[in-house]
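A.B. asks: Take a look at the following structure, please.
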């Protein structure tokens, strides 16, 4: 039985989500994968059936998984407002809540440096230490969302 290699982030990473920053939501042509739980939570917030919400605010990828629609003009999140706030912040997809702690962002130093350039909350003076267990939970939530689903 071998020992598991410790990840560089296990001691924690300083981070704070800045109000009306929206940098993570304003990246053109990013994909936000949706879990079934996300669809139920968001559609319920709008008071409509999940199927109707999927029809209006989601689309399928080339392999059939559901993702949040992007704006046709800029390819950014359909829920980002002009002031960079999120229209569905209280019920946003799990993948959104997990940012910046996505596996693709923390896998290596170049990926993490790119994430730091996108996310000012990682270098903000008010950033708090997010412990390794919480980061691991975010990584798992992101992976769950990315698996998505193909049929409602």
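Numbering (this note's numbering), first residue to last: 1 to 152.
For each residue, glycine too, the CB sits at the ideal point set by N, CA and C.
Fair warning: this is a prediction, and the values are worked out from it, not measured in the lab.
Residue 76 to residue 113, Cα distance in whole Å?
C.D. replies: The count along the chain shown starts at 1 and reaches residue 76 at position 76. The count along the chain shown starts at 1 and reaches residue 113 at position 113. Roughly 22 Å separates the two Cα atoms.
A.B. asks: Return the chain-ordered ranges of every alpha helix (DSSP H) run that is complete within the region 99-151 and spans a minimum of 4 residues.
C.D. replies: If we require 4 residues or more, the alpha helix (DSSP H) runs fully inside the region 99-151 come out as 103-106, 109-118, 132-147.
A.B. asks: Report back the beta-carbon spacing between residue 58 and residue 34 to the nearest angstrom; my notes put them in contact at under 8 Å.
C.D. replies: Position 58 of the chain shown, counting from 1, holds the residue named residue 58. Position 34 of the chain shown, counting from 1, holds the residue named residue 34. So it is a contact: roughly 6 Å between Cβ atoms.
A.B. asks: Going by DSSP in three states, residue 80 sits in which element: helix, strand or coil?
C.D. replies: Residue numbering aside, residue 80 sits at position 80 when the chain shown is read from its first letter. Here residue 80 sits in strand by DSSP.
A.B. asks: Can you tell me which of 142, 79, 18 puts its alpha carbon nearest to the alpha carbon of residue 56?
C.D. replies: Locating residue 56 in the chain shown gives position 56, where the first residue counts as 1. Checked all of 142, 79, 18; the closest Cα to residue 56 is 79.
A.B. asks: So is residue 138 buried or exposed if we call it buried at 16+ other beta carbons inside 10 Å?
C.D. replies: Counting from one through the chain shown, the residue named residue 138 turns up at place 138. Buried is the call here.
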